[in-house]
Each structure stands twice: as structure tokens, then as C-alpha cells.
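Everything below concerns the one structure shown next.
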Amino acid sequence: MPIITLPDGTEKSFDQPLNVFEVAKSIGSGLAKATLAGKYNGALVDGA
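Start counting the sequence shown at 184; every next residue gets the next number (the working numbering).
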């Protein structure tokens, strides 16, 4: 079960693996539209 920690320290957990876009969409549609990339274990990854 993936657990995502946001910059403010809030944690979101998910039932299945997902990509950066899906995480952004779960936070808000505006963030999803603006997402190009994210960080996974310190490495930049594509937003798709």
C-alpha cells in the first residue's frame, strides 16, 4: 500500500500503486492539470 508524504507532512495512503498524475488528481484537479513531474525516493519522475 503506497503512502505519500506531502510537503506539509500530511500522509495519504492508497490501496494500489499509482503514478504521479493520479496522486496529484487525488489532491485536486488544478494540481493534476499543472503536474509535469514528481519525486519518488528522491528521484524525479515523469508525471504521466
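Just so it is clear, CB atoms sit at the ideal spot from N, CA and C, and this is done for glycine as well.
*My understanding is that VAL203 touches GLY230, with C-beta atoms under 8 Å, so please give their C-beta distance in whole angstroms.*
Mapped onto the sequence shown, residue 203 falls at position 20. Mapped onto the sequence shown, residue 230 falls at position 47. Confirmed, Cβ separation roughly 5 Å.
_Through-space distance from LEU227 to THR188, alpha-carbon basis_ = Translated into the one-based positions of the sequence shown, residue 188 becomes position 5. Translated into the one-based positions of the sequence shown, residue 227 becomes position 44. In this structure, the straight-line span from the alpha carbon of THR188 to that of LEU227 is close to 15 Å.
*Anticipated Cβ contact below 8 Å, LEU201 with PRO185, distance rounded*: As a working note, residue 201 is residue 18 in the sequence shown. As a working note, residue 185 is residue 2 in the sequence shown. The C-beta distance from LEU201 to PRO185 rounds to 7 Å, short enough to fall under 8 Å.
_Suppose contacts are defined by Cβ-Cβ distances below 8 Å. Is ALA207 in contact with ALA220 by that definition?_
Mapped onto the sequence shown, residue 207 falls at position 24. Mapped onto the sequence shown, residue 220 falls at position 37. Going by beta carbons, ALA207 and ALA220 fall outside the 8 Å limit.
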